[in-house]
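Student: Got a structure for you, written out below as structure tokens; questions coming shortly.
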Amino acid sequence: MDNSAHAQIEFRSVTKVYGPIAAVTDLSLTVRRGEFLTILGPSGSGKTTALMMLAGFEAPTKGDILISGKSVAAVPSYGRDQGIVFQSYALFPHLTIRRNLEFPLEMRGVKASDRATLVERMLNRVHLDAYGDRVPAQLSGGQQQRVALARALIADPPILLLDEPLGALDRNLREQMQGEIKSLHREFGKTTICVTHDQEEALTLSDRIVVMRGGRIEQSDTPEALYDRPSSRFVANFLGEANLLDSPELVCQKTNSLGVSMIRPERVRIVALDAPLPADQNHRHTVNGTVEEMIYAGPLRKYRARVGGSSLLVREHVASGQQIFRPGDAVRLDWLRADVRLLSE
Ligand SMILES: Nc1ncnc2c1ncn2[C@@H]1O[C@H](COP(=O)(O)OP(=O)(O)O)[C@@H](O)[C@H]1O
Ligand SMILES: [Mg+2]
Numbered sequence: 575m576d577n578s579a580h581a582q583i584e585f586r587s588v589t590k591v592y593g594p595i596a597a598v599t600d601l602s603l604t605v606r607r608g609e610f611l612t613i614l615g616p617s618g619s620g621k622t623t624a625l626m627m628l629a630g631f632e633a634p635t636k637g638d639i640l641i642s643g644k645s646v647a648a649v650p651s652y653g654r655d656q657g658i659v660f661q662s663y664a665l666f667p668h669l670t671i672r673r674n675l676e677f678p679l680e681m682r683g684v685k686a687s688d689r690a691t692l693v694e695r696m697l698n699r700v701h702l703d704a705y706g707d708r709v710p711a712q713l714s715g716g717q718q719q720r721v722a723l724a725r726a727l728i729a730d731p732p733i734l735l736l737d738e739p740l741g742a743l744d745r746n747l748r749e750q751m752q753g754e755i756k757s758l759h760r761e762f763g764k765t766t767i768c769v770t771h772d773q774e775e776a777l778t779l780s781d782r783i784v785v786m787r788g789g790r791i792e793q794s795d796t797p798e799a800l801y802d803r804p805s806s807r808f809v810a811n812f813l814g815e816a817n818l819l820d821s822p823e824l825v826c827q828k829t830n831s832l833g834v835s836m837i838r839p840e841r842v843r844i845v846a847l848d849a850p851l852p853a854d855q856n857h858r859h860t861v862n863g864t865v866e867e868m869i870y871a872g873p874l875r876k877y878r879a880r881v882g883g884s885s886l887l888v889r890e891h892v893a894s895g896q897q898i899f900r901p902g903d904a905v906r907l908d909w910l911r912a913d914v915r916l917l918s919e
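Convert by adding 574 to the 1-based position in the sequence shown; the result is the number in my numbering.
Here it is in structure tokens:
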């Protein structure tokens, strides 16, 4: 792939202060060429501020941002050559879809005949050939979002910035659009930074996730590594569900007292009290409990079981022949000690 189509991005100790509020504090981060990086965090954690500084809509209070090794401090937003899909960065309502797509090309001085070719190609790419003459209000939310993506990509910028791009869509559409964003990334290979508070979106789309908390990076890693080896209670709870093993009956011998240990609900096995012991019993921590709640969730079944003073969440894939437990049933719960993770507070 043509390397000029990508760029490396670097935040160097970037801080942004609004009066008494530190929105982003000492953010250092390098995004590789062609990488899809997601900044994930709860509302107010500084995600949009980080993106706005990269886009040139806000200036860092301290620190610097580099693109392809050069500081962009003196480059205004319109000179940064980035495609942007912001939740609030709406399409031009009075322009047709075709004219919306043509706009970034016009801004860059692409000549009319080339513009027409590029617009038709892009309309086709996002499956909106039949909609070119409509205005945005005549399209569904998902279609409008595809136009926004198309408009961000059409001038072939080296960097794509997405701020909660699917936030306004309902669940099915969101999943469909996640697939669309992934396939556009595979095809165009743009260096992409996506900001979201949606863990599922982050896990699905990203090469790497940066978890932010209170304006700082809490942890950064591949989706799998973050989910599997969260370093803190915050990350464990933000990415998926976690059982904290902090009561005496749940603490495994192998963990120490420096932090709290955690087991993911899908790593806990739930069986009848008289079920035969598994072959790897020696490697497991086993407790008895009582089912408090059974939650049916399509392909998944969730249980909440009381064990002494605490409550454990268990998640299993529904399979034929599986025993189903009801509230009040006495059960045995076990998990591999190797699956227990130690978290900092
Ligand atoms: N223009 C602004 N003026 C004052 N405070 C702001 C401004 N923009 C953001 N903030 C504050 O900075 C913090 C981070 O905001 P933001 O980057 O929008 O978070 P996120 O996108 O993660 O929800 C919040 O406390 C927010 O209220
Ligand atoms: Mg935001």
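Virtual Cβ for every residue (Gly too), placed ideally from N, Cα, C.
Computed from a predicted model, the values in this text were never measured in an experiment.
#1: Cβ of Ile671 within 8 angstroms of Cβ of Val721?
#2: Can you determine whether any heavy atom of ligand 2 sits closer than 7 angstroms to the C-beta of Val769, and answer yes or no?
#3: Report yes if the C-beta of Asp737 is less than 7 angstroms from at least one heavy atom of ligand 2; otherwise report no.
#4: What does the Cβ neighbour count give for Leu628, buried or exposed, with the cut at 16 atoms within 10 Å?
#5: Can you list the residues near ligand 1, meaning Cβ strictly closer than 6 angstroms to any non-hydrogen atom, in the order they appear in the chain?
#6: Give the straight-line distance between the Cα atoms of Ala799 and Lys644, rounded to the nearest whole angstrom.
#7: For Gln750, report the span of its alpha helix (DSSP H) as first-last.
#8: My output table needs one value for Leu916: the three-state DSSP class, helix, strand or coil.
#9: I'd like the list of long-range same chain contacts for His759, defined as Cβ closer than 7 angstroms, with 5 residues on each side in sequence excluded.
#10: With DSSP as the reference, label Ala581 as helix, strand or coil.
#11: On the DSSP bridge assignment, give the partners of Asp908 in chain order.
#12: Terminal residues of the continuous alpha helix (DSSP H) containing Met624?
#13: Leu887 to Asp802, Cα distance in whole Å?
#14: On the DSSP bridge assignment, give the partners of Val605 in chain order.
#15: If you check the beta carbons only, do Leu727 and Phe677 fall under 8 angstroms apart?
#16: Which of the three DSSP states, helix, strand or coil, is assigned to Gln697?
#17: Can you find the residues in the same chain that come closer than 7 angstroms, C-beta to C-beta, to Ser602, ignoring five residues on each side of it along the sequence?
#18: Which residue comes first and which comes last in the alpha helix (DSSP H) that contains Glu798?
#19: Give me, in chain order, the residues of the same chain whose beta-carbon lies closer than 6 angstroms to that of Glu890; leave out the 5 immediate sequence neighbours on both sides.
#20: Using a 10 Å radius around the Cβ and a threshold of 16 neighbouring Cβ atoms, would you call Ile898 buried or exposed?
#21: Just the Cα atoms here: how many angstroms apart are Pro650 and Met696?
#22: What does the Cβ neighbour count give for Met873, buried or exposed, with the cut at 16 atoms within 10 Å?
#23: Hey, would you say Ser821 sits closer than 8 angstroms to Gly882, going by beta carbons?
Tutor: Looking at the atomic coordinates:
#1: Yes.
#2: yes
#3: yes
#4: buried
#5: Tyr592, Ile595, Ala597, Gly615, Ser617, Gly618, Ser619, Gly620, Lys621, Thr622 and Thr623
#6: Rounded to the nearest angstrom, the two C-alpha atoms are 31 angstroms apart.
#7: Arg745 to Phe762
#8: strand
#9: Phe610 and Thr766
#10: Coil.
#11: Arg843 and Thr860
#12: The amino acid occupying residue 624 in the given sequence is Ala; Met does not appear at that position. Run containing Ala624: Lys621 to Ala629, per the alpha helix (DSSP H) assignment.
#13: 17 angstroms
#14: According to DSSP, Val605 shares a beta bridge with Ile583.
#15: Inclusion of Leu727 and Phe677 in the CB contact set at 8 angstroms is not warranted, their separation being larger than that value.
#16: Checking the sequence shown, residue 697 turns out to be Leu, not Gln. Looking at Leu697 - three-state DSSP - the assignment turns out to be helix.
#17: Phe585, Arg586 and Ser587
#18: Pro797 to Asp802
#19: Contacts found: Arg875.
#20: Burial call: exposed.
#21: 27 angstroms
#22: At residue 873 the sequence reads Pro, which differs from the Met that was named. So Pro873 ends up on the exposed side.
#23: The Cβ atoms of Ser821 and Gly882 sit closer than 8 angstroms to each other.
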